[in-house]
Every structure is written in structure tokens, then in C-alpha cells.
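Going line by line, the protein sequences match chains A and B. Using numbering that gives the first Met the number 0, the first residue of the first sequence is number 0, and each one after it goes up by one. Using numbering that gives the first Met the number 0, the first residue of the second sequence is number 0, and each one after it goes up by one. A virtual CB, placed ideally from N, CA and C, is assigned to each residue, including glycine.
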Amino acid sequence: MTAYLKLDHIDKVFTRGAATTEVLKDINLTIEEGEYVSIIGHSGCGKSTLLNIIAGLTRATTGGVLLENREVNSPGPDRAVVFQNHSLLPWLTVYENVKLGVDKVFAKTKSRAERDAWVMHNLSLVQMAHARDKRPSEISGGMKQRVGIARALAMEPKVLLLDEPFGALDALTRAHLQDSVMALHQKLGNTILMITHDVDEAVLLSDRIVMMTNGPSARIGEVLDVPLARPRKRLELATNAAYLKCRQRVLEFLYERHRFVEAA
Amino acid sequence: MNMTATKIEVETATPAATAAPVVALMPKRPPRTEAYARMVRETAVRVIPPLVVIALLTLIWELVCRRAGSALPPPSKVFKDTKELILDPFFDNGGIDKGLFWHLSASLQRVAFGYSLSAIAGIALGVLVGQSVWAMRGLDPLFQVLRTIPPLAWLPLSLAAFRDGQPSAIFVIFITSIWPIIINTAVGIRNIPQDYRNVAAVVQLNPLEFFAKIMIPAAAPYIFTGLRIGIGLSWLAIVAAEMLIGGVGIGFFIWDAWNSSHISEIILALFYVGIIGFVLDRLIAGLGKVVTRGTAQN
């Protein structure tokens, strides 16, 4: 197994004054190139912290992240993030939001015209080319998230990090966007790491599902392979035995063995 | 059954389609006059009440000040006394005997200069204090004390330092208007959402790009609040400062009129000061509205 992205013995301790909280404990994970991996767990289990560590936005207390065998500990466009609340800059148009990253990443390697074409290409990938001159406040939540995905894709990341990307969307928009992401993954072959708390979403999209125990000191409880052929069709899977079995496994993990404890 | 149903639909749809353009063409004219009428109505609603109040107040003023021995002139006398000043604001007889336009423009120039300096320095210091915890700890207490010093209290000190009226007046404007700009900018910078900082980090903007592309647009609504308070304060300060430093300027014009007992001229000058202060405030507010178009909506 080629270790494309490797999380090596990651611990994370938050210190506030004298009080310390251990959030993550001994996280080890290897992800192959082109793989789609989901991390699922109850809220507060530290999965967002883990994603921030991979993105370089937070430093691990011990351990580290290796991308193609090189340690990464500061943020960079090779690990582009799609944030939960889209995080588009409201004073820029859709086009300018995507261009912000493109101008930085391809400043030396692409001409102005090429960068422009590349921005439009990525907006087309998420079917948002028509809204290039709109501001974020003028488009819907689902559209904003599409632009967020285009912005991340346009940086040609080695790993695409999705932080609960569909969490703030209504169910129909979410399903639509999940299909889009699946199609993009199929087409571009990106390596994707997604944080989610939605069991169906995890099973539908992922090659592997990483289930995390409850915090504090959250660990990886179990890793489940999803043996479903791609391309996957939402409707066909609804009655697929393998799909249902995977779903069952995740549900059991989350609601029987590691039930959310209110007091924690 | 099905066939007939669709057929009926088609039949009813066709006449509607041909009728539609006729209907659409017709109302094109009336709405325009209607829109004008509505605009007139809306303007009237806004303009008439203040006009009525002004007319009433002028009437009361006239009645109160009309009787003999009144200390202040009634509006009719003010108008009669200052008619020349109103009609010819551009005369220049040398020295300080100039039309009101020259006095006002001298004051506005001082304000423009002092205010521009304070806007630049204020935003820069505000960014520093907003961005760095240590700068805030060191500078904020200082700012909180200095900002309570009344504008005119700075004047003797600046006269001693600059030994000239002009730079002293500009300094007073600067030091008066800088505090709200610093404080509001700092609050704006501190309130930049972590999300935007994360975006900048992932894209790897350098500090200069971060400043221009994230910080300033994100904090713009706050910065403009500070700028708006600042312009008001600097206009307050200049009139007071000019009374003391003399020379050409609306402040000294008022003081000079008082010394010559030209009460009507004082009243006219106050009227102009008020109007210009109002226009300056609107100018900055309008500029802010244009600049923060995107940010404020979110």
C-alpha cells in the first residue's frame, strides 16, 4: 500500500491555563492516492480538529502529517479545504473568489489568460460558470458551496479536505451536491478526505469510513471498507445488500458501542 | 381522454399567448407617470415635514426677537444685514476681509489635510492594535486616556511646538479625529471571522496581500464608522481652533464678527458651518456605502 497521505501518531492537547484537554489520541491513518475517505463521529469528537491539523491550520501536539513522505505542518494549497460554511469572501464575485487561489498557486506557471481559462474551467466543473459575476450574497447556499468546491479544486490540491461540506444544506440540495462531488471524484481522481456526521453520506461517497470514538481522547475506533463499485447510483444502492450492511456497521458503531454521552 | 385533455389545454393556451403582447404593451405608459407621481410623493413626505418645522421655528424666532431691545436679531434683520455676504461670497479685499467662500474653503483645506493624515495614521495604528495583542496591551490604555483630551487643550501645546497657526490647526484636527478611526479600525480587524483567515492561510497570501485583500475589505464597515465620526469631530475642532489662531477661516470669521458686534454675520456663518458639516458627514457615509457594498450585505 502506497502511503500518499499519512497521519502518524497524532495527539492533540488543548491547554487553557492550568487545564488541559486531550482531544485526539494516537491517530494513525494511511490514505492512498485517489482514495475517498470519510471520517465520521459524534460532534465534539475532534474530527474537525483532525482536519485542521491535516490542513495545517492547527499544529498537532505530537506526531505529524506526511504528504508524499514529506512532513506538512503549515497550511498550503496542496491541501485545499472546502469549509463547512463555504467561507466565500462576500466582497468578491464568484469569479474573483476562485481567482484568489488560482492567482497565487499558478502565478509563475500560467499566463494571465491561462489562469482566467482555468478559473472558468473549474467553475464549469461545478456548473457555476453562469454566475461568475454574482456576489456570494446573491446566490443560494448550495451554489455557494459549489463555488467553495471550485475554489479548492482550482488550486489542484494533492488532497482535497472537505469539512462537513454539506452540513448546512437542505436534504435535496445536499443529495444533489453529493452526486456532483461523486462525479468530480470519478472524473478527476482526486484524493479526498471528508469529515461528516451523516451515515448515508459516508457510505455513499467513501471508499473507506474511519469511525472515531467519543472524546475526550478520541481515537480511531474502526475503519470500514466500502466494497461498492463505482459509479454509484443513489437509488440502486437503497436496496443493495452490501450498502445496507455497511450502513448497519456504522450505525452500530455510532449508536451502540460509542453512544454520544451528554456529560462528556 | 388524455388526448382531448391536452388538446383543450393547447387551444386555451394559444389565444392567451397572442393576447399577452397586447396586454403587455398597454401598461407601458401609465407606470412611468405613476412612478414619477410616487417619486414626487416620496420626496414630499421627506421634505415637507422639516420645511414646516423650519418655517415654524423661524416664525417663533421672528416673533421673539422682533421687539425693541432684543439681544439677538430676528431672521428678517439677519437676512437684511448679511444680504451682501450671501449674494457675493467671492469678494477679496485683501487680508481677512474676504467673502465667505474663501473663509470656508480655507477651513475645509485645513480639515482635508488634517483629516487625511489622521485617516492614514488612524487606519495604520488601528490595524496594528487590532492585529497584535501586544500592541493592543501597550497602546490601548494610552489611546483611552489621550482620546478624552478636548481638542482645544492640544492647541497651546501645538502652537508651542510648531510656532505657527496653520500647522497647529491641522495638528488639532489630526489629534481630534484620529481616536475614533483607530478604535473602530481595531475592532473591525479583531472581528474578522476566523474563516477568512483560514482561507488566506490555505491560499498562502503574504501579509501584504492579506492586508489588501482580506483585512481592509473585511473591516471596511467598521473603518467607515470611525471615519464618519472622525470627520464630524474634525469639523467641530476646526471652528474652535480657528477662533484662537486667527487668519482666514470660518472660525475666525465668527470670532471677528463677534468682536465687531455683527451678530447677523455670526448667525449666517453658523448656518453655513452646519450645512457643511452635514454635507461632509453624508459624503463619508456615501463613500462608505459604495466601498462596503459587498461586505455589509453578508
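Cross-chain neighbours of residue i in chain B, by beta carbon under 8 Å
| i | result |
| --- | --- |
| P74 (chain A) | N197, A200, V201 and Q203 |
| A79 (chain A) | V201 |
| N189 (chain A) | Ordered by position in chain B, no residue passes the 8 Å Cβ test against N189 (chain A), which lies about 16 Å from the chain. |
Beta-carbon neighbours of residue i, restricted to chain A and to distances below 8 Å
| i | result |
| --- | --- |
| K79 (chain B) | Residues of chain A passing the Cβ test: none, with the nearest at roughly 54 Å. |
| K288 (chain B) | Chain A residues near K288 (chain B): none, gap ~13 Å exceeds 8 Å. |
| D194 (chain B) | F82, N84 and S86 |
Nonlocal neighbours in the same chain, by C-beta distance under 7 Å from residue i, ignoring five residues either side
| i | result |
| --- | --- |
| A170 (chain A) | none |
| F112 (chain B) | I169 |
| R134 (chain A) | P89 and T92 |
| P74 (chain B) | T57, W60 and E61 |
| I122 (chain B) | I180, T184 and I222 |
| D25 (chain A) | H8, D10 and R218 |
| E242 (chain A) | In the sequence as presented, Glu is not what sits at residue 242 (chain A); that position holds Tyr. Cβ within range, chain order: V202, L227 and L236. |
| K288 (chain B) | none |
Same chain, Cβ closer than 6 Å to residue i, five either side skipped, listed in chain order
| i | result |
| --- | --- |
| V104 (chain A) | P76 and M154 |
| S37 (chain A) | M193, T195, A201, S205 and I208 |
| I148 (chain A) | V81 and V125 |
| A130 (chain A) | V93 and I138 |
| G16 (chain A) | none |
| F165 (chain A) | R173 and L176 |
| L4 (chain A) | I30, L66 and V158 |
| H85 (chain A) | K143, Q144 and G147 |
| A2 (chain A) | T29 |
Sequence-distant residues of its chain with Cβ nearer than 8 Å to residue i (five each side left out)
| i | result |
| --- | --- |
| V247 (chain B) | I95, K97, W101, H102 and A105 |
| V22 (chain B) | Because the pLDDT at V22 (chain B) is just 46, under 50, the model does not fix this residue reliably, and the value given afterwards should be weighed accordingly. Answer for V22 (chain B): no residue qualifies. |
| M135 (chain B) | V128, G129 and A185 |
| T5 (chain B) | With a pLDDT of only 44 at T5 (chain B), under the threshold of 50, the placement of this residue in the model should not be trusted; the figure read from the coordinates follows. So no residue of the chain qualifies. |
Exposed unless 16 or more other CB atoms sit within 10 angstroms - verdict on residue i
| i | result |
| --- | --- |
| I35 (chain B) | Per the sequence shown, residue 35 (chain B) should be read as Tyr rather than Ile. Exposed, since its Cβ has fewer than 16 Cβ neighbours within 10 Å. |
| R173 (chain A) | buried |
| S42 (chain A) | exposed |
| P155 (chain B) | exposed |
| D162 (chain A) | buried |
| A54 (chain B) | exposed |
| A43 (chain B) | exposed |
| D34 (chain A) | For clarity, residue 34 (chain A) is Glu in the given sequence; the question names Asp instead. It counts as buried. |
| E264 (chain B) | buried |
| S117 (chain B) | buried |
| T238 (chain A) | exposed |
| A262 (chain A) | Caution is warranted here: a pLDDT of 47 is assigned to A262 (chain A), below 50, making its placement in the model unreliable, and the coordinate value is therefore given only provisionally. Exposed, because fewer than 16 other Cβ atoms sit within 10 Å of the Cβ of A262 (chain A). |
Contact set between residue i and chain A, taken where Cβ atoms lie within less than 9 Å
| i | result |
| --- | --- |
| P216 (chain B) | L88, P89, W90 and L91 |
| D139 (chain B) | Within 9 Å Cβ-Cβ: nothing; D139 (chain B) doesn't reach chain A, min ~23 Å. |
Assumed close pair residue i, residue j - CB separation to whole angstroms, cut-off 8 Å
| i | j | result |
| --- | --- | --- |
| L88 (chain A) | Y195 (chain B) | 7 Å |
| Y94 (chain A) | V118 (chain A) | 6 Å |
| L84 (chain B) | L286 (chain B) | Wrong, their Cβ atoms sit about 31 Å apart, outside the cutoff. |
| I181 (chain B) | A236 (chain B) | Actually they do not touch by this definition, with Cβ atoms about 16 Å apart. |
| H8 (chain A) | T61 (chain A) | 7 Å |
| W178 (chain B) | R227 (chain B) | 14 Å between Cβ atoms; not a contact. |
| A218 (chain B) | G187 (chain B) | 3 Å |
| R266 (chain A) | L203 (chain A) | Because chain A is modelled from 0 through 263, residue 266 (chain A) falls outside the range shown and cannot be assessed. |
| V101 (chain A) | L122 (chain A) | Contact flag wrong, Cβ pair sits at about 11 Å. |
| R78 (chain A) | A54 (chain A) | 5 Å |
| G220 (chain A) | H257 (chain A) | 6 Å |
| I230 (chain B) | S176 (chain B) | 7 Å |
Contacts of residue i in chain B (Cβ-Cβ under 7 Å)
| i | result |
| --- | --- |
| L56 (chain A) | N197 and A200 |
| L122 (chain A) | What L122 (chain A) touches in chain B: nothing, since even the nearest Cβ is about 17 Å away. |
| G100 (chain A) | V202 |
Within chain B, the residues that residue i reaches when beta carbons sit closer than 9 Å
| i | result |
| --- | --- |
| G63 (chain A) | Result: empty, since nearest Cβ-Cβ is about 18 Å, beyond 9 Å. |
### Query
In chain order, what residues of the segment 87-100 of chain B put their CB closer than 8 Å to some CB of chain A?
none
### Message
Which residues of the segment 251-265 of chain B have a Cβ closer than 9 Å to any Cβ of chain A? Give them in chain order.
### Response
none
### Message
Please identify, using Cβ separations under 8 Å, the residues of the segment 201-228 of chain A that lie next to chain B, in order along the chain.
### Response
none
#### Entry: Residues in the segment 55-82 of chain B having any Cβ partner in chain A nearer than 9 Å
none
### Query
At a Cβ cut of 9 Å, what residues of the segment 12-44 of chain A count as close to chain B, listed as they run along the chain?
none
### Task
With 7 Å as the C-beta to C-beta threshold (strictly closer), list the residues of the segment 151-180 of chain A near chain B in chain order.
none
### Query
If you measure beta-carbon to beta-carbon, which residues of the segment 101-114 of chain A are closer than 7 Å to chain B?
K103
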